[in-house]
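A.B. asks:
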Amino acid sequence: QSASVQGKTFTIGTDTTFAPFEFRDGNGNLAGIDMDLIRTIAKDQGFNVEIKSLGFNAALQALSSGQVDGVIAGMSITDTRKQVYDFSEPYFDSGVQMAVAKNDETTKGYGDLRGKTVAAKTGSEGESYAKSIADQYGFTVKSLDQSATMYELVKSGNAVAVFDDYPVLAYGIAQNNGLKTVTDKVPGASYGFAVNKGQNPDLLAAFNDGLAKLKANGEYQKLLDTYLKAPP
Ligand code: GLN
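Written as structure tokens, this is what we have:
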């Protein structure tokens, strides 16, 4: 434990709905891997957290402007972000994948996207990836702030596909959210907890210390199993 975080309260920004990492449970409480992780680590390290469910891009902006002390939001540790944020040790491997409506029998790959619109989340890796291949395949990227809205756009036929993180797509599809994946996963960066560069090194150290403990004592694996094997 680090003495400098003891008894302090940190405000932590997160995405609104990015299950199984953050979402509202049946009682309207924030639940998910990220939520359990930060709360368990805070308890172990002796600090308090006040979680702000802001949306992904809004959480990053709140961090940059100092309105929150840290962000945990299934946030990928990318080189670009490392220029402005410091990240914890990685805690989950991820990447991007494309999904289409479950009843869509015509969109089978990127080659079927010509002239069409796809949805992605503002400021996300999914958006970057979609934009990186948009010209080549001749499609338009519509950026939205929330995964739920992106999925609705696809189901209503206003977008033909969505680019999002594959663990999140897989979790939703397993719960019959009306989507399916048709292309391969694009392995990407792992998730990490972020603070502003050079600021809050103590919070970051405490997070890493707590994470290492949870990994070593098997609690982290248990947490993953809770959400990934038996979706609540
Ligand atoms: N992992 C992705 C990123 O960091 C998406 C995160 C999210 O949508 N919450 O860009």
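Position 194 of the sequence shown, counting from 1, maps to 194 under our numbering, and the rest follow consecutively. Glycine is no exception: its CB is placed at the ideal position from the N, C-alpha and C atoms.
#1: Closer than 7 Å to a non-hydrogen atom of the ligand GLN - does that hold for the CB of Phe-18?
#2: How is the beta strand (DSSP E) around Ala-101 delimited, first residue to last?
#3: So for Pro-20, helix, strand or coil by DSSP?
#4: Assess, as a yes-or-no matter, whether the region 103-121 is touched by the region 156-169 under the definition of 3 or more beta carbon pairs within less than 8 Å.
#5: What is the residue span of the alpha helix (DSSP H) that Tyr-129 lies within?
#6: Let's see if you can read the secondary structure: which residues bound the alpha helix (DSSP H) around Phe-56?
#7: Would you decide whether Met-98 is buried or exposed? Buried here means 16 or more other CB atoms lie within 10 Å of its CB.
#8: Does the Cβ of Gln-136 have 16 or more other Cβ atoms within 10 Å, making it buried, or fewer, making it exposed?
#9: Unbroken alpha helix (DSSP H) runs of length 4 or more, entirely within the region 142-199: which are they?
#10: Does the beta-carbon of Ala-31 have 16 or more other beta-carbons within 10 angstroms, so that it is buried, or is it exposed?
#11: Would you mind giving the Cβ-Cβ distance between Ser-76 and Ser-64, rounded to the nearest angstrom? I have them listed as a contact below 8 Å.
#12: So is Lys-229 buried or exposed if we call it buried at 16+ other beta carbons inside 10 Å?
#13: Can you give me the C-alpha to C-alpha distance between Gly-192 and Thr-80, rounded to a whole angstrom?
#14: With hydrogens ignored, establish whether the beta-carbon of Lys-52 is closer than 7 Å to any heavy atom of the ligand NAD.
C.D. replies: Reading it off the structure:
#1: Correct: Phe-18 has its Cβ closer than 7 Å to the ligand GLN.
#2: Looking at the DSSP string, the run of the beta strand (DSSP E) that includes Ala-101 is 95-101.
#3: Of the three classes helix, strand and coil, the one that applies to Pro-20 here is coil, per DSSP.
#4: Contact between the region 156-169 and the region 103-121 is present, because at least three Cβ pairs lie under 8 Å.
#5: Run containing Tyr-129: 125-137, per the alpha helix (DSSP H) assignment.
#6: Where Phe-56 is concerned, the enclosing alpha helix (DSSP H) stretches over 56-64.
#7: Met-98 is classed as buried because its beta carbon has at least 16 other beta carbons within 10 Å across all chains shown.
#8: The residue is exposed, with fewer than 16 neighbouring Cβ atoms inside 10 Å.
#9: Runs of the alpha helix (DSSP H) lying entirely within the region 142-199, each at least 4 residues long, are 147-155 and 166-174 in chain order.
#10: That one is buried.
#11: The distance from the Cβ of Ser-76 to that of Ser-64 is about 16 Å, inconsistent with a contact at the 8 Å cut-off.
#12: It is exposed - the Cβ of Lys-229 has fewer than 16 other Cβ atoms within 10 Å.
#13: Computed Cα separation, rounded: 14 Å.
#14: Summarising the ligand content, the structure contains the ligand GLN and does not contain the ligand NAD.
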